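The block underneath contains the structure these notes are about, expressed in structure tokens.
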Amino acid sequence: MSAQLPILIVQMGRPPYDVSEALGEQPDWFLAALAPANLDVLVVRPHMGEPLPQPGSFAGAVVTGSWHMVTDLHDWSERTAEWIRQLVAADVPLLGVCYGHQLMAHALGGLVGYHPRGRELGLQTIRLRQESINDPLLAHIPGEFPALLTHAQTVLVKPPGAVVLGASEHDENQILRYGPNAFSIQFHPEFTPAIMSLCIQRRRTILEQEGADVEQLLLELAPTPDAHAILMKFATTAAQVSADSW
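In terms of my numbering, the sequence shown opens at residue 21 and continues consecutively.
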């Protein structure tokens, strides 16, 4: 008889009040995105002082995005970085998303900071590199696919030994693999157009000051099934491997 360990969602701080009031918080978005897979999912909140569980108690972990910056070096974030190093050493399946992507790179020896060309926002095209051809998470993903992004900081220098699997025109380190089970993405596979729309609209004044065409950004928004498929593949594979190991 097999049993699946839960997928862990590691929530990296809370959204601004207006976002959470309208659309909930990061775990809500991941739970909705993963709902079709009918997986057991647990949430841990390091920013609230909740302890991060030990390897072996969950099938795999997803480290979420955040409105904080990795370079702020918050105690709860640095504690999560140390935990990330433990998980990678133990070969536990791990996926970092946006802030989680940057935190994984930071934890494993890369350099994170503000992108020299400014923020990346809205619906953008991700292009897979040659190195992705045999990657198990990307095997059925087209060579180019749309994804939703919102970030000011980025992975400026990838960690030693990390492999770049995908890039956008703006950011060369969109998809990184650090080992057999450690993987991270700068884009948001859990986002819907509604979430992205609110992220854009609440920054309208700043974006316009930066020269962005806000109305065009909003018009371009659309679902991103290939980005979503990467999240689903990670979670379902991790859950099945944990079940098979019992």
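Every residue, glycine too, gets a C-beta built ideally from N, C-alpha and C.
This one's a predicted model, so the numbers in the text were calculated from it and none came from an experiment.
Rounded separation between residue i and residue j - CA only
i: P180; j: E189; result: 23 Å
i: T91; j: G85; result: 14 Å
i: V82; j: I29; result: 5 Å
i: E41; j: W49; result: 13 Å
i: S152; j: A187; result: 11 Å
i: V61; j: L51; result: 8 Å
i: Q221; j: M68; result: 28 Å
i: D38; j: L59; result: 29 Å
i: Q236; j: L158; result: 30 Å
i: T257; j: L251; result: 10 Å
i: V177; j: P136; result: 13 Å
i: A101; j: M124; result: 7 Å
i: K253; j: E230; result: 36 Å
i: D191; j: L72; result: 30 Å
i: R107; j: P113; result: The identity of residue 107 in the sequence shown is Leu, whereas the question assumes Arg. C-alpha separation (whole angstroms): 8 Å.
i: R197; j: V117; result: 12 Å
i: G76; j: L54; result: 21 Å
i: D246; j: A167; result: 8 Å
i: I226; j: Y134; result: 16 Å
i: W103; j: E140; result: 28 Å
i: I27; j: Y119; result: 19 Å
i: L238; j: P156; result: 33 Å
For residue i, the nearest candidate out of the options (CA to CA)
i: A172; options: L107, C219 and G129; result: C219
i: G130; options: T174, E140 and L168; result: T174
i: L128; options: A159, F203 and R147; result: F203
i: G163; options: Y119, P66, L141 and I195; result: I195
i: S97; options: H126, S77 and L107; result: H126
i: S217; options: P243, E70 and Q229; result: P243
i: D95; options: R65, Q46 and L115; result: R65
i: I146; options: G138, F165 and V132; result: F165
i: V11; options: N154, L115 and L93; result: Since the displayed the chain opens at 21 and closes at 266, residue 11 lies outside it and no answer follows.
Secondary structure of residue i, DSSP reduced to three states
i: E140; result: strand
i: V112; result: coil
i: L25; result: coil
i: W266; result: In this prediction, W266 scores a pLDDT of 39, lower than 50, which makes its location untrustworthy; the coordinate-derived value is nonetheless stated afterwards. Here W266 sits in coil by DSSP.
Presumed contact (8 Å Cβ cut-off) between residue i and residue j, rounded CB distance
i: G33; j: H88; result: 5 Å
i: A259; j: A79; result: 5 Å
i: A214; j: L25; result: With 8 Å as the limit, A214 and L25 do not qualify as a contact, their Cβ atoms being about 31 Å apart.
i: Q206; j: L169; result: 7 Å
i: H160; j: P209; result: Going by Cβ atoms, the distance from H160 to P209 rounds to 14 Å, so no, they are not a contact pair.
i: A57; j: A182; result: The pair is not a contact, with the Cβ atoms about 27 Å apart (cut-off 8 Å).
i: R149; j: V184; result: 6 Å
i: S111; j: P200; result: Here residue 111 turns out to be Asp, not Ser, going by the sequence shown. Yes, D111 and P200 are in contact; Cβ-Cβ is about 6 Å, under 8 Å.
The ligand MN heavy atom lying under 7 Å from the CB of residue i
i: L239; result: For the structure depicted, the ligand MN is absent and the ligand set is empty, with no information on it obtainable.
Quiz prompt | beta strand (DSSP E) segments (min. 3 residues) lying fully within the stretch 122-198 | solution = With a minimum length of 3 residues, the continuous beta strand (DSSP E) runs that stay inside the stretch 122-198 are 131-134, 140-148, 164-171, 173-177 and 183-187.
Quiz item: What are the start and end residues of each continuous beta strand (DSSP E) run of 3 or more residues lying completely inside the stretch 222-258, in chain order?
Solution: Listed in chain order, nothing qualifies, since the stretch 222-258 has no complete beta strand (DSSP E) run of 3 or more residues.
Self-check item: Complete runs of the alpha helix (DSSP H) confined to the stretch 43-93 [at least 4 residues]
Solution: 46-54
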